[in-house]
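**Student:** One structure, pasted below without further comment.
Numbering (my numbering), first residue to last: 13 to 349.
The following block contains the structure:
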């Protein structure tokens, strides 16, 4: 297994020594906790946002240790639908990309996406900068035997170049503090001709972007449980709005609102405030989505042109660029060099 790893300090080979992994060159030692080697480091490419990245990392560690969202029946359905909608593919297409491949998931979180693709992969190497990786192992180790778990930063991954057939980086790049450098590092560990899946939040309607930033500024300095409680009224509002409709008679160009009939909850969600609600999920799981959006300090949004620019700079051949109102999903191939 160690043949694809490198020291994140000097880039050289590693060896196993007692209860840790040690660099053969600089002697840096990587400790093991609960069977997971810790390669985590805060990247020098996010120095301008170091405190925000720390808070965001701790936020995800807290939320995934306090939720089984993505691992129960209702939220599994939502997670699957979200994944396939984001990339504009069906399960058969995903299977074609993943089947019998060595896959890197650079931000496994609690492991909810593995329920979608792990059964098709030959082997998965999964990292997370937060302690959520320990929860992922707890959630998945009795279900899948092809996943290797490590703590690590996707901007400074502990892997050599050209190590993986496929990279699946879902729902995290906008939280890293340097999205382009994140995609660049993932491209480096991908084999020539390999496939990368990634997505980012898309810039929203002007009032929605303003509201997001405003609410985040009010809750992100609180302790996690305090922020969780503070945000509950937003989820309750979403629940109340869910079964109501609204008709907008005229376009409102300044607010990017088109005339038409809308579900009121989704209308408010996309144009004004993230009033998320899914009737197949419990209140707690719905609220997890709201908390996940507003509590982490690093939560950036991008335009389609920005994403296209990254793809061009990194010589990634676009297979699919799927644009939704709330996000942009990309499937791309690393060109031969």
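Just so you know, even glycine gets a beta-carbon here, dropped at the ideal spot from N, CA and C.
As the structure is a prediction and not an experimental result, all values here were calculated from the model.
What is the DSSP secondary structure of residue 104, counted as helix, strand or coil?
**Tutor:** helix
**Student:** Count the other C-beta atoms from every protein chain shown that fall within 10 angstroms of the C-beta of residue 303, then say buried if there are 16 or more, exposed otherwise.
**Tutor:** Counting other Cβ atoms within 10 Å of its Cβ, residue 303 reaches 16 or more and is therefore classed as buried.
**Student:** Just to confirm, does residue 14 get its C-beta within under 8 Å of one of the non-hydrogen atoms of the ligand NAD?
**Tutor:** Only the bare structure without any ligand can be found here, which leaves the ligand NAD out of the picture.
**Student:** Leaving out five residues on either side along the sequence, give the residues of the same chain with a beta carbon under 8 Å from the beta carbon of residue 43.
**Tutor:** Leaving aside the five residues that flank residue 43 on each side, the residues in its chain whose CB is nearer than 8 Å to its CB run, in chain order, 31, 32, 49 and 50.
**Student:** State the start and end residues of the unbroken alpha helix (DSSP H) segment that holds residue 127.
**Tutor:** 126-129
**Student:** So is residue 111 buried or exposed if we call it buried at 16+ other beta carbons inside 10 Å?
**Tutor:** exposed
**Student:** Report the three-state DSSP secondary structure of residue 138 (helix, strand or coil).
**Tutor:** DSSP places residue 138 in strand when its eight states are reduced to three.
**Student:** Based on Cα-Cα distance, which residue from 96, 72 and 204 lies nearest to residue 122?
**Tutor:** 72
**Student:** Taking residue 46 as the reference, give the member of 25, 136, 143 and 125 with the closest Cα.
**Tutor:** Relative to the Cα of residue 46, the nearest Cα in the group 25, 136, 143 and 125 belongs to 143.
**Student:** Specify, as a first and last residue, the run of the alpha helix (DSSP H) that residue 253 falls within.
**Tutor:** Looking at the DSSP string, the run of the alpha helix (DSSP H) that includes residue 253 is 236-253.
**Student:** Would you say residue 288 faces chain D, with C-beta separation under 9 Å as the test?
**Tutor:** You won't find chain D in this structure, because it holds only one protein chain.
**Student:** Determine, using beta carbons only, whether residue 164 and residue 52 come nearer to each other than 9 Å.
**Tutor:** yes
**Student:** Between which two residues does the alpha helix (DSSP H) carrying residue 150 extend?
**Tutor:** Residue 150 -> alpha helix (DSSP H) spans 144-152.
**Student:** Cβ atoms of residue 181 and residue 159: under 9 Å apart, would you say?
**Tutor:** no
**Student:** Could you give the distance in angstroms between the alpha-carbon of residue 348 and the alpha-carbon of residue 223?
**Tutor:** 43 Å
**Student:** Hey, out of 85, 288, 23 and 185, whose CA is closest to residue 252's CA?
**Tutor:** 288
**Student:** Judging by CA-CA distance, which residue of 191, 219 and 226 is the nearest neighbour of residue 210?
**Tutor:** 191
**Student:** Quick one: complete alpha helix (DSSP H) runs, 4+ long, within the segment 33-113?
**Tutor:** 62-77, 85-99 and 103-110
**Student:** Evaluate the contact criterion for the segment 167-178 versus the segment 103-117: three or more CB pairs, one atom per stretch, below 8 Å.
**Tutor:** yes
**Student:** Taking residue 64 as the reference, which of 81, 229, 101 and 150 has the closest Cα?
**Tutor:** Proximity to residue 64 across 81, 229, 101 and 150 peaks at 229, based on C-alpha coordinates.
**Student:** Based on Cα-Cα distance, which residue from 326, 315 and 245 lies nearest to residue 341?
**Tutor:** 315
**Student:** Who are the near neighbours of residue 215 in its chain, counting only those whose CB is closer than 6 Å to its CB and skipping five residues on each side?
**Tutor:** 313 and 315
**Student:** Provide the residue span of the alpha helix (DSSP H) that contains residue 176, from first to last.
**Tutor:** It is not in any alpha helix (DSSP H) - residue 176 instead sits in the beta strand (DSSP E) that spans 176-181.
**Student:** Can you check DSSP and say which residues form a bridge with residue 29?
**Tutor:** Assignment of beta-bridge partners to residue 29 by DSSP yields 32.
**Student:** In whole angstroms, what separates the C-alpha of residue 23 from that of residue 260?
**Tutor:** 57 Å
**Student:** Any idea what DSSP makes of residue 333, helix, strand or coil?
**Tutor:** strand
**Student:** How would you call residue 155, buried or exposed, if buried means at least 16 neighbouring beta carbons within 10 angstroms?
**Tutor:** exposed
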